[in-house]
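Asker: Protein chains in written order, with my numbering: chain A, 34 to 163; chain B, 34 to 163; chain C, 34 to 163.
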Amino acid sequence: MQLTRVSMLSGKPPGWRRAILDSLYLAMRETFNVPEDDRFMTITEHERDDFVYGADYLGIARSDDLVMIQITVSNTRGVAQKQALFARIAERLAQSPGLRKEDVLINLVETLPENWSFGSGLAQYVEKSG
Amino acid sequence: MQLTRVSMLSGKPPGWRRAILDSLYLAMRETFNVPEDDRFMTITEHERDDFVYGADYLGIARSDDLVMIQITVSNTRGVAQKQALFARIAERLAQSPGLRKEDVLINLVETLPENWSFGSGLAQYVEKSG
Amino acid sequence: MQLTRVSMLSGKPPGWRRAILDSLYLAMRETFNVPEDDRFMTITEHERDDFVYGADYLGIARSDDLVMIQITVSNTRGVAQKQALFARIAERLAQSPGLRKEDVLINLVETLPENWSFGSGLAQYVEKSG
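1. Tell me the rounded alpha-carbon separation between Q128 (chain B) and D98 (chain B).
2. For R95 (chain C), name the three-state secondary structure that DSSP assigns.
3. Using the rule of at least 16 other Cβ atoms within 10 Å of the residue's Cβ for burial, across every protein chain shown, is V112 (chain B) buried or exposed?
4. My output table needs one value for V159 (chain B): the three-state DSSP class, helix, strand or coil.
5. Quick check on M74 (chain B) - is its C-beta less than 9 Å from some C-beta in chain C?
6. Would the segment 49-59 of chain C and the segment 107-125 of chain C be scored as touching if the rule is three or more Cβ pairs under 8 Å?
7. If the cut-off is 8 Å on Cβ atoms, which residues from the segment 115-134 of chain B count as contacting chain A, listed in chain order?
8. Thinking E80 (chain A) and S40 (chain A) are a contact (beta carbons under 8 Å), I'd like their distance in whole angstroms, please.
9. For T144 (chain A), I'd like the list of residues in its chain whose CB is within less than 8 Å of its CB, leaving aside the five on either flank, ordered along the chain.
10. Report yes or no: is there a C-beta of chain A within less than 9 Å of the C-beta of L141 (chain B)?
11. Take the Cβ of G131 (chain C) as the centre, count every other Cβ of all protein chains shown within 10 Å, and call the residue buried at 16 or more, exposed below.
12. Curious, which full-length alpha helix (DSSP H) runs of at least 4 residues does the segment 57-134 of chain A contain?
13. Helix, strand or coil: how does DSSP classify L42 (chain C) here?
14. Buried or exposed for V103 (chain A), going by 16 or more other Cβ atoms inside 10 Å?
15. Could you pull out every residue in the same chain whose Cβ sits closer than 7 Å to the Cβ of L36 (chain A), ignoring the five residues on either side in sequence?
16. If you measure from the beta carbon of T77 (chain C) to each beta carbon in chain B, is any gap under 9 Å?
17. Closest to A137 (chain C) by CA distance: which of B:D71, B:D55, B:F151, B:F65 is it?
18. Quick check on L166 (chain B): does DSSP put it in helix, strand or coil?
19. Suppose the cutoff is 6 Å on Cβ atoms and the five residues either side in sequence are ignored; what does the same chain contact list for S162 (chain C) look like?
20. Which partner residues does S150 (chain B) have in the DSSP bridge list?
21. Counting C-beta neighbours from all protein chains within 10 Å, is the total for G48 (chain C) 16 or more, i.e. buried, or is it exposed?
22. List the residues of chain B whose Cβ lies closer than 7 Å to the Cβ of Q103 (chain A), in chain order.
23. Whose C-beta lies closer than 6 Å to the C-beta of P146 (chain A) among residues of the same chain, with five residues either side of it excluded?
24. When the Cα of R133 (chain B) is compared with those of A:S153, A:R133, A:M34, which residue comes out closest?
25. Exposed or buried, what is E135 (chain A) when buried is set at 16 or more other beta-carbons lying within 10 Å of its beta-carbon?
26. Around the Cβ of G92 (chain A), are there at least 16 other Cβ atoms within 10 angstroms (buried) or fewer (exposed)?
27. Taking the DSSP output, what are the residues bridged to L36 (chain B)?
28. When you compare the CB of V159 (chain C) with every CB in chain A, is at least one pair closer than 9 Å?
29. For a contact meaning CB atoms closer than 7 Å, what does E147 (chain B) contact in chain C?
30. Is D55 (chain B) closer than 9 Å to A88 (chain C) when the C-beta atoms are compared?
31. R62 (chain B) versus chain C: which residues are under 8 Å apart at the beta carbon?
32. Output the distance between the C-alpha atoms of A156 (chain A) and Q116 (chain B), rounded to the nearest integer angstrom.
33. Counting only Cβ pairs nearer than 8 Å, list the residues of chain C close to F65 (chain B).
34. For S162 (chain A), would you say it is in contact with chain C, using Cβ-to-Cβ distances shorter than 9 Å as the test?
Next comes the structure, spelled out in structure tokens:
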């Protein structure tokens, strides 16, 4: 019940990028009740002129390693759970691939559970509760 | 009143990709009251390390043909209409370009009608109802 | 408190693309109370078969210069402010890089202020108001 899009500057090796997606998945498992194998994630790499960031917004010193993470999820979590997710994502990405926590930007987009079809043309979260 | 983003692994020929967008448009026309010519759609192709999916989540067997479809629409449809959209998208994509229905993941992001400008700097859906 | 994604056909020079992001930032500063240095923006360039648009939807004549702009923001603005943003974006992009106003499509996705982490694993807009 999540769709994750990561945007970053191009130039990082495949192992770095794969580690980002693995760490994001683990952080969601640990804090957001994401079931096993519920991982649908993409990275888009951008050239420098296609990727702009505020280097000091809110007093946080960002670098070209910055990842912009947009996670679309169902609207079933409260503030404390979101704070736990943000903290755990930053910790996990600091461990692997070794991002600075300042270089982790996260945005959640929330949707209704009925807004998902995970295959076969069905709205799985409607059928389950109906 | 829709903006559609498709993410998939790279390597499919142009005709395959164009067929995906054509079928999506037809399914929206048939089930979601999308007006003629209301089609604003992109595909982003990803390298393998930038595209990760749960191969069996919810018991659905997915393959590398998987398409992750995120459709931003105004919040004017109910559950039954969303279910009809999901079913029709899967049917249309099975017909052309020939996707397995298990390889069709769909997520709707809903916004207010006032959140769109279709050109010329105007909020067309505000002016229409005002 | 915004994350901006621009989709366009590939082939424009870096200066054109950078001007789009600069103009978007200025328009948001002028009409949407976006703080200085709050700019997190990407452009994704698409091949022709991966970028489809309604050339005349709502009677607006679009060209291959079309930019599809999706801005995720906190849900703190009213209709008039959104209309001002749309108008200013079209004006700014007409000035630089010189887009026709018909070629500017904008969609806002609104989220809760608590749905953002701008770095260091914190939900900055929760802590600020808490």
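The beta-carbon is built from N, C-alpha and C at its ideal position, and this holds for glycine as well. Note that the coordinates shown come from a computational prediction; the quantities given were computed from them, not determined experimentally.
Answerer: Checking against the coordinates, here is how it stands:
1. Position 95 of the second sequence, counting from 1, holds the residue named residue 128 (chain B). Position 65 of the second sequence, counting from 1, holds the residue named residue 98 (chain B). A direct Cα-to-Cα measurement between Q128 (chain B) and D98 (chain B) gives close to 15 Å.
2. Within the third sequence, numbered from 1, the residue matching residue 95 (chain C) stands at position 62. The answer is coil: DSSP assigns R95 (chain C) none of H, G, I, E or B.
3. Here residue 112 (chain B) corresponds to residue number 79 of the second sequence, with the count starting at 1. That one is exposed.
4. Stepping through the second sequence from its first residue, residue 159 (chain B) is reached at position 126. Reduced to three states, the DSSP call for V159 (chain B) is helix.
5. The residue labelled residue 74 (chain B) in the question sits at position 41 within the second sequence. Yes, contact with chain C.
6. At 8 Å Cβ cutoff, the stretches touch.
7. K115, Q116, F119, A120, R121, I122, A123, E124, K134
8. In the first sequence, the residue the question calls residue 80 (chain A) occupies position 47. In the first sequence, the residue the question calls residue 40 (chain A) occupies position 7. At roughly 12 Å, the Cβ-Cβ gap does not stay under 8 Å, so E80 (chain A) and S40 (chain A) are not in contact.
9. By one-based count along the first sequence, residue 144 (chain A) stands at place 111. Only T105, V106, S107, N108 meet the Cβ criterion.
10. To locate residue 141 (chain B), count along the second sequence from 1; it is residue 108. With 9 Å as the cut-off, L141 (chain B) counts as an interface residue toward chain A.
11. In the third sequence, residue 131 (chain C) corresponds to position 98, counting from 1. Exposed, because fewer than 16 other Cβ atoms sit within 10 Å of the Cβ of G131 (chain C).
12. 112-128
13. Mapped onto the third sequence, residue 42 (chain C) falls at position 9. Strand.
14. Start at 1 with the first residue of the first sequence, and residue 103 (chain A) comes out as number 70. Position check: residue 103 (chain A) holds Gln in this sequence, whereas Val was assumed. Buried, because 16 or more other Cβ atoms sit within 10 Å of the Cβ of Q103 (chain A).
15. The sequence position of residue 36 (chain A) within the first sequence is 3, counting from 1. These residues qualify, in order along the chain: F73, T105.
16. In the third sequence, residue 77 (chain C) corresponds to position 44, counting from 1. Cβ-Cβ to chain B under 9 Å: yes for T77 (chain C).
17. What you label residue 137 (chain C) is simply residue 104 of the third sequence in a count that begins at 1. It should be noted that the sequence gives Val, not Ala, for residue 137 (chain C). Checking every option, the nearest Cα to that of V137 (chain C) belongs to B:F151.
18. Nothing in the structure corresponds to residue 166 (chain B), since chain B is present only between 34 and 163.
19. Position 129 of the third sequence holds residue 162 (chain C). A caution first: S162 (chain C) carries a pLDDT of 49, below 50, which makes its placement in the model unreliable, though a value can still be read off. Excluding the 5 residues flanking it on each side, S162 (chain C) has no same chain C-beta neighbour closer than 6 Å.
20. Position 117 of the second sequence holds residue 150 (chain B). Partner(s): C:I139.
21. For the purposes of this step, residue 48 (chain C) is identified with residue 15 of the third sequence, where counting begins at 1. By the 10 Å Cβ count, G48 (chain C) comes out exposed.
22. The count along the first sequence starts at 1 and reaches residue 103 (chain A) at position 70. Result: empty, since nearest Cβ-Cβ is about 10 Å, beyond 7 Å.
23. Translated into the one-based positions of the first sequence, residue 146 (chain A) becomes position 113. Short of 6 Å from the beta carbon of P146 (chain A), and not among the five residues preceding or following it, lie these beta carbons of its own chain, in chain order: S107, Y158.
24. Translated into positions along the second sequence, residue 133 (chain B) becomes position 100. Looking at the Cα atoms, A:S153 is the closest of the given residues.
25. The residue you call residue 135 (chain A) lines up with position 102 of the first sequence. Classification for E135 (chain A): buried.
26. Reading the first sequence from its first residue, position 59 is the one you call residue 92 (chain A). So G92 (chain A) ends up on the exposed side.
27. Indexing the second sequence from 1 puts residue 36 (chain B) at position 3. Answer is B:T105, bridged to L36 (chain B).
28. Here residue 159 (chain C) refers to the residue found at position 126 of the third sequence. Yes, contact with chain A.
29. Counting from 1 along the second sequence, the entry for residue 147 (chain B) is found at position 114. Those within 7 Å of E147 (chain B) in chain C are V112, K115.
30. Numbered from its first residue, the third sequence carries residue 88 (chain C) at position 55. Numbered from its first residue, the second sequence carries residue 55 (chain B) at position 22. Not closer than 9 Å, so no.
31. If you number the second sequence from 1, residue 62 (chain B) lands on position 29. Within 8 Å Cβ-Cβ: nothing; R62 (chain B) doesn't reach chain C, min ~12 Å.
32. Locating residue 156 (chain A) in the first sequence gives position 123, where the first residue counts as 1. Locating residue 116 (chain B) in the second sequence gives position 83, where the first residue counts as 1. If I take the Cα positions, the gap works out to 6 Å.
33. Within the second sequence, the letter at position 32 stands for residue 65 (chain B). The contacting residues do not exist; F65 (chain B) stays about 15 Å from chain C at best.
34. Translated into positions along the first sequence, residue 162 (chain A) becomes position 129. At S162 (chain A), the pLDDT of 49 sits below 50, so the modelled position is not reliable; the number obtained from the coordinates is stated separately. By the rule that beta-carbons nearer than 9 Å mark a contact, S162 (chain A) does not touch chain C.
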